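Numbering (my numbering), first residue to last: 2 to 126. Please read the structure below before turning to the comments.
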Amino acid sequence: MGQAAVRQEARKSVLEAQAEMKAERDKREKRLSGLGVDVVVALRERDAAVLRCELQSGRALRKMLDEGLSMKEALQWCGPEVGRREAGRLIKQAEESPQQGEGEGISTGTSGTEPDGTRGDQGEE
Numbered sequence: 002m003g004q005a006a007v008r009q010e011a012r013k014s015v016l017e018a019q020a021e022m023k024a025e026r027d028k029r030e031k032r033l034s035g036l037g038v039d040v041v042v043a044l045r046e047r048d049a050a051v052l053r054c055e056l057q058s059g060r061a062l063r064k065m066l067d068e069g070l071s072m073k074e075a076l077q078w079c080g081p082e083v084g085r086r087e088a089g090r091l092i093k094q095a096e097e098s099p100q101q102g103e104g105e106g107i108s109t110g111t112s113g114t115e116p117d118g119t120r121g122d123q124g125e126e
């Protein structure tokens with residue numbers, strides 16, 4: 002076998018090995034790409050679920066205040082799980098959410114009970 006034939010055979014062998022390595026890398030990159038998408042999808046689904054639950058909580062708190070309870074009284078009904086700051090945040094988030102049904106607008110703060118438990122334009126009673 003001549004030197005040219007040896008080189009040609011070596012080149013062929015190396016190129017085959019490199020093609021196999023490239024195919025394995027491509028498979029791995031495809032797997033990693035899919036896993037990366039899975040991570041982000043799962044996190045976004047979690048965020049959406051948290052938002053739904055927080056909106057539901059905020060709307061329920063708002064209804065409690067609309068029933069005439071002060072923020073302190075509403076929080077007593079909720080037990081130790083919800084603090085004043087979180088309750089205010091949840092109510093504000095629910096009021097500002099565009100996902101509310103018809104007739105439920107964003108509170109202007111001119112009437113009813115404010116997120117901090119004070120009464121709007123109704124004054125002290």
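Glycine included, each C-beta is placed from N, C-alpha and C at the ideal position. On a predicted model such as this, the values are computed, not experimentally measured, just so you know.
Distance from the CA atom of A75 to the CA atom of R53, rounded to whole angstroms, is 20 Å. Sorting D67, S34, R63 by C-alpha distance to the C-alpha of E97 places R63 at the top. Nearest Cα to R85 within the set G59, P99, D67: G59. Look at the beta carbons and you see the stretch 30 to 42 not touching the stretch 86 to 95: under three pairs across the two are nearer than 8 Å. The DSSP-derived three-state label of M72 is helix. For E82, no alpha helix (DSSP H) encloses it, and the DSSP letter there is neither H nor E.
Following the DSSP letters along the chain, one finds S98 in no alpha helix (DSSP H), marked with neither H nor E. Under the three-state reduction of DSSP, G59 is assigned to helix.
Pairing Q57 with R29, the inter-Cα distance amounts to about 42 Å. By the beta-carbon neighbour count (other beta carbons within 10 angstroms, threshold 16), M22 is exposed. R8 and R47 have their C-alpha atoms spaced approximately 58 Å apart.
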